[in-house]
Amino acid sequence: MSEPFNQMSLTRRSDAYWRVTFNHPPINLLDDNTVPELEHLLDLAEAEPKLKVIVFDSANPDFFIAHFSPAAGFKNLVTRKPNGHFPWTDIVDRLAHLPAVSVAAVRGRARGGGAEFALACDIRFASLERAIFAQIEVGTGLIPIGGAVDRLPDLMGRGRALEVILGCDDFDAALAERYGWINRAIPDQEFEAFVEQFARRVASFDSQSIREAKRLVTLHGSGPTPADYDESAATFYAKQPWPGTAARFPKLLELGSGQHSDLELNFGRRLGELWNES
Amino acid sequence: MSEPFNQMSLTRRSDAYWRVTFNHPPINLLDDNTVPELEHLLDLAEAEPKLKVIVFDSANPDFFIAHFSPAAGFKNLVTRKPNGHFPWTDIVDRLAHLPAVSVAAVRGRARGGGAEFALACDIRFASLERAIFAQIEVGTGLIPIGGAVDRLPDLMGRGRALEVILGCDDFDAALAERYGWINRAIPDQEFEAFVEQFARRVASFDSQSIREAKRLVTLHGSGPTPADYDESAATFYAKQPWPGTAARFPKLLELGSGQHSDLELNFGRRLGELWNES
Amino acid sequence: MSEPFNQMSLTRRSDAYWRVTFNHPPINLLDDNTVPELEHLLDLAEAEPKLKVIVFDSANPDFFIAHFSPAAGFKNLVTRKPNGHFPWTDIVDRLAHLPAVSVAAVRGRARGGGAEFALACDIRFASLERAIFAQIEVGTGLIPIGGAVDRLPDLMGRGRALEVILGCDDFDAALAERYGWINRAIPDQEFEAFVEQFARRVASFDSQSIREAKRLVTLHGSGPTPADYDESAATFYAKQPWPGTAARFPKLLELGSGQHSDLELNFGRRLGELWNES
């Protein structure tokens, strides 16, 4: 079987323009099985020389990608690739070097690893009314890996990145745009047409121009490197679980983490009420 | 003759404050002859120790600088300078290291090489109602060189830079400000007074302070280097014309590229209608 | 005496959350004696493993920190630390590497060295109506040291940083937010509650998560280094006073620099009227 996708679907709108739709009920959690699916998608994309643009969206209007599953294991996630990188580092790096441009079309919540997946895309558009972004990891006794500690300072400056990462609050699309987290927030009623027009437009341009321009932007040296991504992953996975994680996760699971719950709908606000200052 | 300018005029408002006005009908195209004029201007500026600020503006209210001429040759543009750099790299680098501060005062359209010239200035102010910015190159089968692939990611982050460079659409001044492309958008009625006040203000400050502060800002290492500029230029000039360029330019010329045409007035929108997805 | 603070007070709201309030009448000037007080504060903070967040605010609603005293000497400021760094470099670097997060809660004016202190904090929140930011140094015949020439380009891009540093004008909190100088501007009526909630929230999160996340954000290489800070300090202190400084300071002192004066309340605007273009 050439397209064994269970958590997402691939629609080839043309050879030049693909849509990938996350559809992993109930709330589009990432888990250890997401890794081989994304790797397979990248295999396909790298093998299609006519491909110019991939748009990632979600079948769930409330959740783009909730975050990594709090229950699943992470065997795939910690098995280094032949090139020495963690799999998530490798996925992020392959997306950055893919000749085609990747666009995260975010409606609903993108938190934790879901926010990091949006960061790994070249471009981020968001529904003004429906999109919510958060790096909730520190508030749950974890740290963000997969690019947040590396990419957010480049996009929004160190001060705003530290507020996002240490404050762990929800950012609506308007605030995310002001901070530079996303390209821009589009009114939900116009959102799909805006994304479609952008994708079709790029798909009508010259392949060589797109490929070389993206390569030159990526080449310019100030961005994070795979070694940066590996550093945060190694810090996190070195000793699991961290005591703070172990202490906080039972309460999060009890409150509905990983399910279509009030906690998942309002994670940013709820995190401010859960723990005692100490 | 000491000031042989044909495409621009130089007005010395004082020893400390110069205005350079682009005036190259019909739409302020850059071409191969612009190179020696800008080099001569830089010779003069580097030789005037009292100079503190140069403002670049346009005599044409519709066009700051349209873009590079689609018809002209590029003998000067590809002849490396004695220091090994492409001439445009050298111009950009000399502007960055000039002791005086350079200000692009943008009314009308600044696209392609015109947008890159504005990027090469230290500071960019724009008329809220009249200024339009675009990197149209990829949409015409070219790539941006002269600093766009290098400088835009530093100003607006990689995601927004890729949207600008791969989407090739027009950005009005308000959106350009939100993206960080320009310093700020000023209502057109206040624009000239705002720019004049800023220039006079800087011209009243201490030369040594201005020179050292600009040197220290430029020294700080995260920005692009002349080698970065040369890389994009070499990629572009290595084999000319690219097949995609050759395929698309006849239609652009037929539609009025380089003339005061509907295409030139609305280049961003029109680019979305010209080509077939393939 | 373990807490010999004369220019500020330290309130331990809990082991995890400290407030430091600048209180140095009449306008919270920094001077040579501020250096050992800040160094002592950092000694205390580095020795408290439970500390997670320090908020810096001011007892004076008109001035967060006015700037460095125009009258005081700078014996401490120019005496290199055992690690070879200038003291202000060392303070900025210790703040960046402190395991706890530092928050500048700015009401009133933060200019010159006061703006640089806010830049040295990890996060900057500001009162929408009351906060004013400016780097006035170039307009007074000095240059900004202590991080402005290094950090501002990272936060707001080179063009806006040059406008701030060479234009020396006052920026209200709304404009400072648009430029990325501060995290965000909060209506004054909500300001204290907003800062308090943010601080309490972070103080309730896991220490290891906060520490490691801040370390990884700081590790990412694109920001300025202590060597960058030392370079601007060395440039400034190498030969004192600069002729431009000597020429301009008598007039500034006569007009009330360092006192609760009209000059200090409106420094940005007044600087545009003081000197002749030459």
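For the protein sequence lines, the chains are G, U and P, in the order given.
Numbering of the first sequence is given in our numbering, commencing with residue 1 and proceeding in unit increments.
Numbering of the second sequence is given in our numbering, commencing with residue 1001 and proceeding in unit increments.
Numbering of the third sequence is given in our numbering, commencing with residue 2001 and proceeding in unit increments.
Cβ atoms here follow ideal geometry from the backbone N, Cα and C, with glycine treated the same way.
The structure displayed is predicted, hence computed values, not measured ones.
Would you say residue i faces chain U, with C-beta separation under 8 Å as the test?
i         : result
P/Glu2177 : no
P/Glu2254 : no
G/Arg94   : no
G/Leu10   : no
P/Arg2158 : yes
P/Leu2263 : no
P/Asp2228 : yes
G/Glu196  : no
P/Met2001 : Caution is warranted here: a pLDDT of 40 is assigned to P/Met2001, below 50, making its placement in the model unreliable, and the coordinate value is therefore given only provisionally. Judged by the 8 Å Cβ criterion, P/Met2001 is not in contact with chain U.
G/Leu41   : no
Are the C-beta of residue i and some C-beta of chain P separated by less than 8 Å?
i         : result
G/Pro224  : yes
U/Arg1269 : no
G/Gly272  : yes
G/Asn276  : yes
U/Tyr1083 : Per the sequence presented here, residue 1083 of chain U reads as Asn, with Tyr not at that position. Not one chain P Cβ lies under 8 Å of U/Asn1083.
U/Ile1123 : yes
G/Pro70   : no
G/Asp15   : no
U/Glu1137 : no
U/Arg1201 : yes
G/Asp172  : no
G/Pro61   : no
Is the shortest distance between the beta-carbon of residue i and the beta-carbons of chain G less than 8 Å?
i         : result
P/Val2164 : no
U/Thr1235 : yes
P/His2220 : yes
U/Ile1182 : no
P/Gln2208 : yes
P/Asp2154 : yes
U/Trp1242 : yes
P/Ala2213 : yes
P/Leu2030 : no
P/Ser2204 : yes
P/Val2101 : yes
P/Leu1990 : A query on residue 1990 of chain P cannot be resolved here, the shown segment of chain P reaching from 2001 to 2278 and no further.
Which whole-angstrom value is the C-beta distance of residue i and residue j, which I expect to be below 8 Å?
i         : j         : result
P/Ser2058 : P/Arg2111 : That belief does not hold up - the Cβ atoms of P/Ser2058 and P/Arg2111 are roughly 13 Å apart, past 8 Å.
U/Ile1145 : U/Ala1120 : 12 Å between Cβ atoms; not a contact.
G/Asp122  : G/Val103  : 7 Å
G/Ile54   : G/Ala118  : G/Ile54 to G/Ala118, Cβ: 13 Å. No contact.
P/Asn2183 : G/Arg269  : So it is not a contact: roughly 19 Å between Cβ atoms.
G/Ala115  : G/Ala134  : 6 Å
G/Phe56   : G/Ala105  : 7 Å
Taking residue i as the reference, which of the options has the closest Cα?
i         : options                                    : result
U/Thr1235 : G/Leu219, G/Glu231, G/Ala233, G/Thr245     : G/Leu219
U/Ala1096 : U/Leu1010, U/Val1217, U/Asp1062            : U/Val1217
P/Ala2173 : P/Arg2160, P/Pro2187, P/Val2103            : P/Pro2187
U/Glu1212 : U/Val1035, U/Ser1009, U/Leu1098, U/Thr1079 : U/Leu1098
U/Gly1180 : U/Ala1100, U/Glu1192, U/Leu1152            : U/Leu1152
P/Thr2011 : P/Leu2162, P/Leu2041, P/Leu2077            : P/Leu2041
U/Thr1245 : U/Met1156, U/Glu1192, U/Arg1215, U/Ile1136 : U/Ile1136
P/Ala2233 : P/Pro2036, P/Leu2038, P/Asp2043, P/Thr2079 : P/Thr2079
U/Ser1069 : U/Lys1214, U/Arg1094, U/Asp1043, U/Val1035 : U/Val1035
P/Leu2274 : P/Gln2259, P/Ala2247, P/Glu2129            : P/Ala2247
G/Asp93   : G/Pro226, G/Ala71, G/Tyr17                 : G/Pro226
P/Gly2258 : P/Lys2214, P/Leu2044, P/Gly2113            : P/Gly2113
U/Asp1228 : U/Asp1032, U/Glu1037, U/Tyr1017, U/Thr1089 : U/Thr1089
G/Arg13   : G/Arg178, G/Glu129, G/Ala199               : G/Ala199
Would the beta-carbon of residue i be found less than 7 Å away from any heavy atom of the ligand ADP?
i        : result
G/Arg111 : Judged by which ligands are present, the structure shown has none, so any question about the ligand ADP falls away.
Does residue i come within less than 8 Å of chain C when only Cβ atoms are used?
i         : result
P/Ser2257 : The structure shown contains no chain C; its protein chains are G, U and P.
Which parts of the segment 1204-1249 of chain U are runs of the alpha helix (DSSP H), unbroken and 4 residues or longer, counting only runs that do not cross its ends? Qualifying alpha helix (DSSP H) stretches, in chain order: 1207-1219, 1226-1237.
Taking contact to mean at least 3 C-beta pairs separated by less than 8 Å, is the segment 2138-2151 of chain P in contact with the segment 2237-2251 of chain P? yes
Is the segment 1043-1050 of chain U close to the segment 1071-1086 of chain U, with three or more CB pairs under 8 Å? no
Does the segment 1160-1178 of chain U come close enough to the segment 1243-1262 of chain U to have 3 or more Cβ pairs within less than 8 Å? no
Could you pull out every unbroken alpha helix (DSSP H) segment of at least 4 residues lying fully inside the segment 134-161 of chain G, listed in chain order? Runs of the alpha helix (DSSP H) lying entirely within the segment 134-161 of chain G, each at least 4 residues long, are 148-156 in chain order.
Across the segment 3-11 of chain G and the segment 1259-1278 of chain U, are there enough close Cβ pairs to call them in contact, namely three or more that are closer than 8 Å? no
Can you confirm whether the segment 1013-1024 of chain U touches the segment 189-209 of chain G when touching is taken to mean that 3 or more C-beta pairs between the two stretches lie within less than 8 Å? no
Whole runs of the beta strand (DSSP E) within the segment 39-68 of chain G, excluding any shorter than 3 residues: 53-58, 63-65
Kindly confirm or deny that the segment 2056-2074 of chain P and the segment 2023-2032 of chain P touch, where touching means at least three C-beta pairs closer than 8 Å. Using a C-beta cut-off of 8 Å, the segment 2056-2074 of chain P makes contact with the segment 2023-2032 of chain P, since at least three inter-stretch Cβ pairs fall below that distance.
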